[in-house]
Every structure is written in C-alpha cells, then in structure tokens.
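Chains as they are written, first to last, in this note's numbering: chain C, 36 to 308; chain W, 1248 to 1476.
Yeah, the Cβ is synthetic: ideal placement off N, Cα and C, and Gly gets one too.
Encoded as structure tokens, the structure appears first; notes follow it.
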C-alpha cells in the first residue's frame, strides 16, 4: 500500500506541469470568454434603442455561459484530448526515449499490479482535479460577471442552471449521483481497456498491435451491443429499461474486471523491456 | 548463489537463450562473455524478471526468484533507467523510497567518487556520466548480488579506470557480481569466473586464475579459441 501510494505520488509529480498547463488554459480561455461576452452583452443592455429593462429581462451569468458554448467547451475538450493522449503516454514514455524508466519500475521490489493501479489512479485523479477546478472556476467566473455587470441590469443565476446551460457541462457534471457514477465508471472502464491494449502491444509487439485492436473491438462490441441485443430500442422488449441498465452495468463491470486482471497478468508474466 | 538452470527463451521464432545454465556465486566476480547476440543481456534480464522465458528456472540461494529477491539483487542496466526530467537527487530519493536495502551514505560516497552533482538532471548527463550514475544506483543498496550489463559502455578511458577500480573496492567486496562486458581486458585481472555464451548456450565455463596458471591463457585467448572456432 505504501509503495502504491508512493507510485501514485510519483505519477502526479511527473504530470504536474502538464496538469497546471491544462488548468491555466481553461482559466485563461474561460475568463477571457466571460469578460468579453459579458462586456458585449452589458453594452447591448445600455443601448438606448433597446426597450426599457424590466425585472424579467436582465443579464444573467447563465445567459453568458449559454451564448458562449464553444468557447467554454474548447479548453475542456482540449484537456480531454490531452488526458486521452496521456493514457498512452503514461506507459510509453517509460519505454521509449533515452531513459528507459520501465527497467527500473519493473525491477522494483513491489507487486507489479501497483504500477498498473498507480497509473490508473493518477489518470482518475487528474480527471477529478480538472472537474473540481472547473466547478471552482465557474464560481470565480460568476464573481467576475458580477464585477462587470451593474446591479440594475444583473439577473441572478442558480448554479445548477449555469451547469445545464452548456452542453458539455451537462454531460461532464451530471446532476444525479447515479449518472455521475455511470459516466465516470464508464470512463474508468475505457481507461482499463486501453491500458490492457497498451500492455498487449508491449508484450507481443507487432502481433500485439493486432491483439490490442481485437481486444478493444471486442470490449467495445460487448458494451455497445448488449443494450440493443436486449431490445433497448424495441417497444415490446422482454426486459424493463432498468433491467437492461443493470445488465449493461454488469457487462461494463465484467469488461473492467477482465481488463484489469489481464493487465496484471501481462505485467507479471509477459511484459519485457 | 544465482543459478540459471536450463533456461530457454524464444523471441519470435528463434531461441535467444537455448538451454542456458550457469551460476554466479557470492563473493566472486562472474563475467558473461560472448559475441554480439549471444544472449548475454537477455540472460541478465531473465534474472531480473525483465524478460519472460519459456522453460527452465532461475534461483537465488536455491529458491525461485521473486519480487523480494529484488532487495537482494541490484541491477545496473546498459542505459540510464531514470526519467530524463528527474534530478539526480530525486533519483536517489526514488531509490531510497522503494528499496529497504538502500544505503544513503554509500550513495553519497559513490556520488563523490564519480564526481556527480545531485542538482544535475538525468537528461543532461553525458553517456559516460549516465553510466557512472547507473553504477551509483546499482552499488548503493546493501544487496548480496549486483548484476551489471555493459557498465563500461560509453565511458572514456579515465572513466573506465575509475569504474574498474570500483570492482576491487569495498563497495563490491563480499558481494556476488555478475557482469557482461565487451571490455574484458579492462577487468580481466579482477574477474574470478567466466561463462562463455554462444547462440544462447554456455559453451564453456572456467576460473580465470586456473586457466591463467594451468594453460597460460588470458580470457580473450580462450574466447578466441572457443567462440571463433
């Protein structure tokens, strides 16, 4: 456990500048968006040609987020792409290049599953750090909005409405606990499948590329096809919707368990440097 | 004693180790020698659990090698095995964090001996300095055995003298050393035992002193006789 935590710490330490970079990109991108969009919208409200402002027609932070869909989503999409890239980099950087750190990692006097789990934990932590940062940033952006917009034209926004006003926030920050667990559980499953694919490639090299592609395809098919096979899109399905959801959850859990077990086995028995 | 018993390792369709057997004893320097592609580095990787094998056994003092053995055998690979962005001080801390056998005082002595600076980054080291730092990481732990893969690779002539002097120092004394090197002449006088490898097999195994005394031959003479025959 102690060595697992040390490995997690090391992984976070190695990614810290990359993570700070993504946070800085989101911070700068979204604050500029809020500042510019709010100033523009506030100017429109001051236009004398505009009819008088009543209480129902005020400028809200929710409106600013709603009209800036793309600019709010862009840094998050870049961060998501960077994290997806990092899922591969977190393994390959230790094999490739002048410093083959994998020699050292595989020779550590600790169970090799700790390597796998520490990398997985690090990725999950990065996702949640970025999500938390986004939530804090939204609150900060709302403050900036308050500084720019005079009180007489400023409408109040409920935080949940702000989240629901951007399509990407709505996806990444689901308001129900079960949706949150499903979404991030699905994400963790996807990462374990990719980790196993990477380890298949590292274990069997050229043949491993084929094995990895086949493994990802098989997992993808199992997860994607199950609801349809159970009749999720048919009116007279034998199963209730919640039953289909439960079976799909079980399939995802099974795919995750098989991926992790296969990953451990490859690390213990097949991997080489 | 590190024992490699009848190990066979296949890479694609070829056996790179084909029934390899030899032993490295504690307190002795054993050299795996052979031409390029003979299987020397692969044999060391098999001992360190860095390469799977299909048949045979690797034992440490009669027991199969497992992860606890890594506290008793340290490894000096043929390349720097630390992230380029890491400072040497961080790399030393990494080793201290993970190895119960790590000896910080010895690490500091070795750093001074090789004139390495803790503030330097791993990626900024020249090939020779990186090889010396690898030796620091391999020799600092209180292990019974040290496995070294080409420790002279990339080191200049004076650096080689410094590295060679390590083999007769207290840092190595009492430990079992298993080494592969192309620079046999550099350490021939320090080697106790030689295992000659050809096509993944041990084709001859001998004590250097006995061969020197009884046959009047150097290690290179025997290598020429056996490997080029």
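Against chain W, which members of the region 113 to 139 of chain C pass a CB distance test of less than 9 Å?
128, 129, 132, 133, 134, 135, 136, 137, 138 and 139
Between the CA atoms of residue 140 of chain C and residue 150 of chain C - distance to the nearest angstrom
Using only the alpha carbons, I get a separation of about 8 Å.
Closest to residue 197 of chain C by C-alpha separation, out of C:164, C:187, C:274 and C:169, would be which residue?
Minimum Cα distance to residue 197 of chain C is reached at C:169.
Whose C-alpha, out of C:297, C:256 and C:230, is nearest the C-alpha of residue 119 of chain C?
C:230
For a cutoff of 8 Å on Cβ pairs, would you count residue 157 of chain C as touching chain W?
Chain W, which has no Cβ nearer than 8 Å to the Cβ of residue 157 of chain C, makes this no.
Are the beta-carbon atoms belonging to residue 302 of chain C and residue 148 of chain C less than 8 Å from one another?
yes
Hey, is residue 231 of chain C's beta-carbon within less than 8 Å of any beta-carbon in chain W?
no
Quick check on DSSP: helix, strand or coil for residue 1272 of chain W?
In this structure, residue 1272 of chain W counts as coil in the three-state DSSP scheme.
Measure the alpha-carbon distance for residue 1273 of chain W versus residue 1287 of chain W and round it to whole angstroms.
In this structure, the CA atom of residue 1273 of chain W is about 19 Å from the CA atom of residue 1287 of chain W.
With residue 44 of chain C as the anchor, note down where its alpha helix (DSSP H) starts and where it stops.
37 to 81 is the span of the alpha helix (DSSP H), which, as asked, contains residue 44 of chain C.
C-beta neighbour in chain C for residue 1370 of chain W, strict 8 Å
yes
Assumed close pair residue 1260 of chain W, residue 1439 of chain W - CB separation to whole angstroms, cut-off 8 Å
With a Cβ gap of about 37 Å, residue 1260 of chain W and residue 1439 of chain W do not count as contacting.
Kindly list the residues whose CB is nearer than 7 Å to the CB of residue 1462 of chain W, restricted to its own chain and excluding five residues on each side of it in sequence; keep chain order.
Cβ-Cβ distances below 7 Å link residue 1462 of chain W to nothing in the same chain once the five nearest sequence neighbours on each side are left out.
For residue 100 of chain C, which of C:136, C:174, C:160 and C:144 has the nearest alpha-carbon?
Comparing Cα positions, the closest option is C:174.
Name the DSSP bridge partner or partners of residue 1452 of chain W?
W:1442
Neighbour flag for residue 1302 of chain W against chain C, beta carbons, 8 Å:
So, not an interface residue.
Contacting residues, own chain, Cβ-Cβ under 8 Å from residue 308 of chain C (five flanking each side not counted):
130, 135, 137, 138 and 141
Taking the continuous beta strand (DSSP E) assigned at residue 1395 of chain W, which residues delimit it?
1392 to 1396
Does any residue of chain C have a CB that is nearer than 8 Å to the CB of residue 1415 of chain W?
no
Check the Cβ of residue 308 of chain C against every Cβ in chain W and list those closer than 8 Å, keeping chain order.
1292, 1297 and 1298
Quick one: grab the DSSP three-state call for residue 1457 of chain W.
helix
How would you write the range of the alpha helix (DSSP H) that residue 138 of chain C sits in, first residue to last?
Run containing residue 138 of chain C: 136 to 141, per the alpha helix (DSSP H) assignment.
Please report the residue range of the alpha helix (DSSP H) in which residue 1258 of chain W lies.
That residue, residue 1258 of chain W, is in no alpha helix (DSSP H); its beta strand (DSSP E) goes 1249 to 1258.
Could you tell me whether any non-hydrogen atom of the ligand GTP is closer than 7 Å to the CB of residue 116 of chain C?
Here there are no bound small molecules, and the ligand GTP is not part of this structure.
Distance, Cα to Cα, residue 1459 of chain W vs residue 1468 of chain W?
10 Å
Alpha carbon to alpha carbon, how far is residue 1464 of chain W from residue 1475 of chain W? Give it in angstroms, no decimals.
16 Å
Can you tell which of C:112, C:240 and C:224 has its C-alpha closest to the C-alpha of residue 207 of chain C?
C:112
C-alpha distance - residue 186 of chain C paired with residue 105 of chain C, whole-angstrom precision
27 Å
Pull out every residue of the region 255 to 281 of chain C whose Cβ sits closer than 8 Å to any Cβ of chain W, in chain order.
none
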